[in-house]
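Step one of this worksheet: look at the structure below.
In this note's numbering, the protein residues as written are 719 to 1225.
Here it is, written out as structure tokens:
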């Protein structure tokens, strides 16, 4: 393996380590302001924490109980901003919160939801209302003891696609995105960082940058140890959150937020048309974040939590898919993982006047864009930034249509491509928005889309994901860029593996 120096490129303004939502959001913001940006991700984009969320853009109703008013307000303001810039992957939801007589009093729930409605300047989403669960359809799947509930608004998001679309936008604005590229070393040499990377083909390269940004999520302390030989004073608390996916539990597609006797909150949300997503857990975790897996106890816990509310009984055998991720939360020394803050903290290290290192701790997917702006403020303390704030008013790729225009996008796509089913058109718009037409091109018949791997995943879409979205492996395509892994049979997965083995990333 010979060292290949990147002498043809001038030093980058920003070198970002970490291809999760924070790293890709920072890359997009920086590139859009005219900075030269390089991002290195050791695996796939959104390969860890950022694809393991509850798939919500929300203020965090439960954080009000811990007096996190600033965090909730910040997240609620972002909720409609993100919906406006990504109406293809973000959609409004109405949640039912049943009143459990032996848990939080009804007046506490009313007060919390009143604050939730008014803290963040809600404009488009409907307000909270009281629901008679014995008369309203939302009470039909619940056990008869629940007679009163509250209905309020939040939004769903395809979390992995949110990451990828930020990376796509960053790249289209000039950023260099390097996936499956590990940072081997980073040394501060006077006014620059000297960074060495190794890619999937074992090519070792060197880079220089004026500012290094550590956005490695649950690996943030480990990266600090590698850079400086010891971690900084600020520590993170690693908390594993796990989710299960089961066949759809209610045909009415209602969303529920539910209270447990242990004071935790969990969700039951319609997912991918035929399924229900249930989660999450909060378990302290001290292993490598890449090894996070759901435990049998967590599956049993989520099933039991569900069964305490619904007439349908769930068993571990009903679980068709599960996922776990480690959330890097700020360690506030609280003994209870559910109380650990979900806010972010950004700090700059500059040893002996050398090149600055900006470290990102904590955060949640809803506030990633604000985090990016906060990082750029830190950057502005060290170098001149040509452009101004922009990321909240410019659509993400494919999101250039109004928030109420999703249905029109689907019907328009079907008029242009009448050989596609309603479901297929809906899925393409939900993933790619206005860029669905880039995938379909001049196709006039379904056969023009090439090999079918199962369901409605065709070669044309796979080639698009390879060429435009850094997809290399079956998991990238089936579980992050799409969720077609829920529908494709093993034979189709094997065909996709064979197809990818014969492709080049530059296709």
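All C-beta atoms, glycine included, are put in the ideal place defined by N, C-alpha and C.
{"query": "Given a cut-off of 7 Å, decide if residue 772 and residue 1119 are closer than it, judged by their beta-carbon atoms.", "result": "no"}
{"query": "Do the region 731–744 and the region 914–933 meet, that is, are 3 or more Cβ pairs less than 8 Å apart?", "result": "yes"}
{"query": "Assuming residue 880 contacts residue 804 (C-beta within less than 8 Å), just tell me the rounded distance between them.", "result": "7 Å"}
{"query": "I'd like the span of the beta strand (DSSP E) that includes residue 932, first residue to last.", "result": "922–932"}
{"query": "On the DSSP letters alone, give me the boundaries of the alpha helix (DSSP H) that residue 1208 sits inside.", "result": "1208–1219"}
{"query": "Starting from residue 895 and walking both ways along the beta strand (DSSP E), at which residues does that stretch end?", "result": "894–896"}
{"query": "Return the first residue and the last residue of the beta strand (DSSP E) that residue 900 is part of.", "result": "900–907"}
{"query": "Apart from the five residues on each side of it in sequence, which residues of its chain come closer than 8 Å, Cβ to Cβ, to residue 1038?", "result": "963, 964, 965, 993, 1204"}
{"query": "In the structure shown, what three-state DSSP assignment does residue 1022 receive?", "result": "helix"}
{"query": "Name the residue from 991, 1200, 843 whose alpha carbon lies nearest to the alpha carbon of residue 776.", "result": "843"}
{"query": "What span of residues does the alpha helix (DSSP H) with residue 1127 cover, start to end?", "result": "1124–1134"}
{"query": "Note down the Cα distance separating residue 782 from residue 836, rounded to an integer number of angstroms.", "result": "13 Å"}
{"query": "Which residues bound the beta strand (DSSP E) around residue 731?", "result": "730–735"}
{"query": "Excluding sequence positions up to five away, which residues of its chain have a Cβ less than 6 Å from the Cβ of residue 675?", "result": "The question about residue 675 has no answer, for the chain in this structure spans 719 to 1225."}
{"query": "Of all the alpha helix (DSSP H) runs that stay within the bounds of the region 981–1032, which reach a length of 4 or more residues?", "result": "1014–1025"}
{"query": "DSSP state of residue 740, grouped into three classes?", "result": "helix"}
{"query": "Locate the beta strand (DSSP E) running through residue 961, then write down its first and last residues.", "result": "954–965"}
{"query": "Beta-carbon separation of residue 954 and residue 757 under 7 Å?", "result": "no"}
{"query": "When the Cβ atoms of the region 1087–1107 are set against those of the region 1061–1075, are three or more pairs found closer than 8 Å?", "result": "yes"}
{"query": "Verify the CB distance criterion: does residue 742 have a CB-CB separation below 7 Å to chain B?", "result": "No chain B appears in the structure shown, which is made up of a single protein chain."}
{"query": "Within the continuous alpha helix (DSSP H) that includes residue 1178, where are the two ends?", "result": "1177–1187"}
{"query": "Consult DSSP for residue 872 and reduce its assignment to one of helix, strand or coil.", "result": "strand"}
{"query": "In three-state terms, what does DSSP make of residue 758?", "result": "strand"}
{"query": "In or out: residue 1006 buried (at least 16 other Cβ within 10 Å) or exposed?", "result": "exposed"}
{"query": "When you compare the region 1025–1034 with the region 870–884, are there three or more beta-carbon pairs, one atom per stretch, that lie closer than 8 Å?", "result": "no"}
{"query": "Going by the beta-carbon positions, is the gap between residue 1192 and residue 1215 smaller than 7 Å?", "result": "yes"}
{"query": "Going along the chain, which residues of its own chain have a beta-carbon closer than 8 Å to the beta-carbon of residue 1019, five neighbours each way excluded?", "result": "999"}
{"query": "Tell me whether the beta-carbon of residue 974 lies closer than 7 Å to the beta-carbon of residue 814.", "result": "yes"}
{"query": "Under a Cβ-count criterion, where at least 16 other Cβ atoms within 10 Å of its own Cβ denotes burial, should residue 972 be classed as buried or exposed?", "result": "buried"}
{"query": "Could you name the residues of the same chain whose beta carbon sits closer than 8 Å to that of residue 1219, not counting the 5 residues immediately before and after it, in chain order?", "result": "none"}
{"query": "Between the region 1177–1186 and the region 1146–1157, do at least 3 Cβ pairs fall closer than 8 Å?", "result": "yes"}
{"query": "Between the C-alpha atoms of residue 979 and residue 1086, what's the straight-line distance to the nearest angstrom?", "result": "31 Å"}
{"query": "Using a Cβ-Cβ cut-off of 7 Å (strictly less than) and excluding sequence neighbours within five positions of residue 802, which residues of its own chain qualify?", "result": "1121"}
{"query": "Short of 6 Å in beta carbon distance, which residues of its chain neighbour residue 749, apart from the five on each side in sequence? Order them along the chain.", "result": "755, 888, 891, 892, 893"}
{"query": "Could you tell me the alpha carbon to alpha carbon distance between residue 744 and residue 909, rounded to whole angstroms?", "result": "21 Å"}
{"query": "With residue 788 as the anchor, note down where its alpha helix (DSSP H) starts and where it stops.", "result": "787–803"}
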